[in-house]
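Heads up: the sequence shown is residues 2 to 724, going by the working numbering. Even glycine gets a Cβ: it sits at the ideal position worked out from N, Cα and C. Keep in mind the model is a prediction, meaning the values are calculated, not measured.
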Amino acid sequence: MGRHDFNNPYNFVPAPARPTEGPLADLGDEAPASHGHWAPDRISGSVTVTMTAVTPLLVPDSFPEEVPDHGGHESFDTRRDPRDASLPLIPPTSIKGMIRAAYEAATNSRFGVLTLPDRPFAYRHPPKVANEMIPARVDGDKIHLLFGDHGLVTTPSLTLKGTQAAARLPFGENQSHGGKRRADIQGTPYATATLKSKDEPNSPLTKTGYVYATGKNITRKKYERFFISDTSNTHIKDLTPDIKLRWNQLMEECEDLHLGALKERMGTAPPPDPFSQEHWDKYAEYRGDEPGQTAFSRHVYDKRSYPLFARDPASGTLQGARFLCYAHVRVKGQELEVVDLYPVQIPRGMYRTMPDALVPDDLKPARALRELSPADRVFGWVNPAGPGAYRGHLRVGAVHVTPPENGEAIRTFGNGDDTFPKEGLPLAILGQPRPQQWRFYASQNREGAPADHRKNYDGNRFIRGRKIYPHHKGLESSPETTNSHWRPAREDSDPMAVNGAKGSCYREYQRPGPPDGARDSQNRSIKSWVEPGTTLRFTLHLDNLSIVELGALLWLLDGMPDSPDPSPARPRHHRFGGGKPLGFGSVTLGIQTSDLRTGTQWKDAYTSFHDSPPEEERDRRRDAVLAFQAAVGALLSRAATGEPAPPFSTAPWIAALLQAAEGLSPPIHAPRPSDTLSLPGTPPKTRAENFKWFVANALAKGEDSILPSLTASDPRLPYRTPR
């Protein structure tokens, strides 16, 4: 392999600019058809579909079992049919959700659901930003920059020194945060000068200042900070409304980020009072060197020392406050500029661009019936802005499950030759989406091109498109072709290497280590899964679809072929259920039967003495798919200023969807650091250290630090060794 060694488990289907007015060929926005009657030229009827699992499916029960003595670890069984516990219970709404997600991508519709935070995304500053941080005291609407006796030189121009203008205060001395005191200083009266006791010799300097105590939030921490204030080297700057707003956003982000950890430390105690000394003592307690065991930084829980700027109810403006902090200062000519305020010297920051500005208006959920996109019209719509909803024109009937030939539909762990305990198989840790990672989520244009590695969210940027989990190629399994990848390793064998051989493909779904040591609050266990080879049969009931709306649906249900005539050369997959980043949930769809007619044909059938069969169903389905592909071609030719339409499969969103359906080759896993780049693959570890990869990647300068497009010649990412 080259430097690009693994595929990310998720990528994006681009969402180019959508037409919202004019002749739209049913792919734009328009009011939906009526439910009151069958329109003469619209198509209604039914389509029966078979869905086949080619990798195990996770369909967890709604009521997990908590595993004792494992920090809140939960174990899930498969949701089972109450009439036959050997079969899974598959809700029709789950099937509908899977198809809708694919339909939105295929028709480049609006997002059906879009939840965006009401503040910018956060990011972590690089360590070098500490050189631009100056101790500060906020007093009302003024910022007092406390440079101590040092920090500025004015020859030949105003320049910031790369030194810290704060003394160090050893633990055990008076550490009441924010307290003003006088202290003797041993050594230089600035930078890393250490506060000493008065009875120590050689302490000639006495200074007045403020204690800045953040707690023992770092292993082997020995000192707190002391902000020197009795000096003429103090600069006062105005506190602008923008800086106030960003401070509030940052403090709210820090609170949300640590909320779960704070509650976990409190145990079964009632919700914390932000001004309770009892709670503060528990948050500030140092319990060990491991992550989560050190003390929390004071700004995470102490709302008195780090207050929000209150909003005046009459004017709406943010009022002044009083607290200590660090000011991010830059020099512009002969003037100092305060960029932002932060609670620590190497902080998290907030981008300037609001997430709402990253999503174009033509992709945001519709707010009126006239704005409904194809997916809204077919599957239904609920107004996110208030009253208003529309029932779609597609309904999924009951789901019938058939076990694999000579096998069971559900595999239960802990039975037979499985050596797992009753708690089941411990899964690998699955993290939450992190759109803060602009190198993965940001695009420089509407076609989904990755953002420039020298830029970030600020500026003319867009969200990459619709998030999608590509199929894991080569992990397919069936009763005829058993894949050893889906035979979990026992305790006495290498839990990751497939067939006992170390290499580039590991059992990414299984957390390394013995089962009892691989369970904690970060991951979950499963007691069972739906076996590959299991088939699910269901019927879609349709009414009043246009031929293009129907064609897009049939194309997705019949294997996503390049043309309506032949079957696809390679199987193309949808994703269903949980655990998609780990390879679970790959399924194939195929149409078994259909009965599709126009309103006129249904009228003739019901008003005649016998039901004349409609024209050949295969021809009708073929014509509908051709109409959909022609509509996509019309949009492409429109974008190409009247030139002949390129092939259907070259549309950016179609090409990416097809690539995801065909799959990417292993190794496929979340970014993780590599101890050495000599191995063909880097095995996962029990302790998640993904953040080390992102830290190393943030320091990279090349284009390989950006997540490539699905349709790139090489969509892989490089392993990185932490520095």
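When rounded, the separation of the alpha-carbon atoms in residue 706 and residue 700 is 9 Å. Going by beta carbons, residue 51 and residue 478 fall outside the 8 Å limit. For residue 53, the uninterrupted beta strand (DSSP E) run begins and ends at 44-54, by DSSP. Listed in chain order, the non-local C-beta contacts of residue 218 below 7 Å within the same chain comprise 295, 296, 297, 298, local neighbours out to five positions each way being set aside. Closest in C-alpha terms to residue 647, from the list 660, 658, 659, 633, comes 633. Non-local C-beta neighbours of residue 453 in its own chain, meaning closer than 7 Å and more than five positions away in sequence, comprise 445, ordered along the chain.
Taken through DSSP and simplified to helix, strand or coil, residue 401 comes out as strand. Within the segment 425-477, the runs of beta strand (DSSP E) that reach at least 3 residues and sit entirely inside it are, in chain order, 467-469. A straight-line Cα-Cα distance of about 48 Å links residue 363 and residue 490.
Judged by their CB atoms, residue 597 and residue 575 are not nearer to each other than the 8 Å cut-off. Annotated three-state conformation of residue 34 is coil, per DSSP.
In the structure shown, residue 302 adopts helical secondary structure according to DSSP, grouped into three states. Look at residue 27 here: in three-state DSSP terms it is coil, with no helix or strand label.
Note that the C-beta distance between residue 282 and residue 352 is not below 8 Å. DSSP lists 58, 411 as the bridge partner or partners of residue 531. Between the segment 83-92 and the segment 402-417 there are three or more inter-stretch CB-CB distances shorter than 8 Å, so the stretches are counted as touching. Each residue's CA atom was taken as its position, placing residue 535 and residue 8 some 28 Å apart. Excluding the 5 residues flanking it on each side, residue 230 has same chain C-beta neighbours closer than 7 Å at 147, 209, 210, 211, in chain order. In the DSSP assignment, residue 351 is bridged to 123. A residue is called buried when at least 16 other Cβ atoms come within 10 angstroms of its Cβ; residue 485 does not meet this threshold and is exposed. Put simply, of 472, 427, 391 the residue whose alpha carbon is nearest the alpha carbon of residue 519 is 427. With a cutoff of 8 Å on beta-carbon distance, residue 398 and residue 510 are scored as not near each other. Residue 415 and residue 656 have their C-alpha atoms spaced approximately 43 Å apart.
If you compare the alpha carbons of 378, 554, 127, 122 with that of residue 48, the shortest gap goes to 554.
When DSSP assignments are scanned along the segment 581-627, the uninterrupted stretches of alpha helix (DSSP H) that are 4 or more residues long and fall wholly within it turn out to be 600-608. Annotation for residue 244: 339, 341, 342 place their beta carbon closer than 7 Å to its own, counting only its chain and skipping 5 residues before and after.
Taken atom to atom, the span from the alpha-carbon of residue 357 to that of residue 692 is near 26 Å. Boundaries of the beta strand (DSSP E) around residue 235: 235-239. Of the candidates 599, 563, 556, the residue whose Cα lies closest to the Cα of residue 592 is 556. Contact check for residue 240 and residue 135: beta-carbon distance about 14 Å, past the 8 Å limit, so the pair fails to qualify.
DSSP lists no beta-bridge partner residue for residue 267. Counted as a single uninterrupted DSSP element, the alpha helix (DSSP H) harbouring residue 698 occupies residues 691-700.
Excluding the 5 residues flanking it on each side, residue 35 has same chain C-beta neighbours closer than 8 Å at 545, in chain order. Between residue 383 and residue 393, the CB-CB gap reaches or exceeds 8 Å. Here the C-alpha atom of residue 559 lies approximately 29 Å from the C-alpha atom of residue 372. According to the DSSP secondary-structure assignment, residue 339 is paired through a beta bridge with 330.
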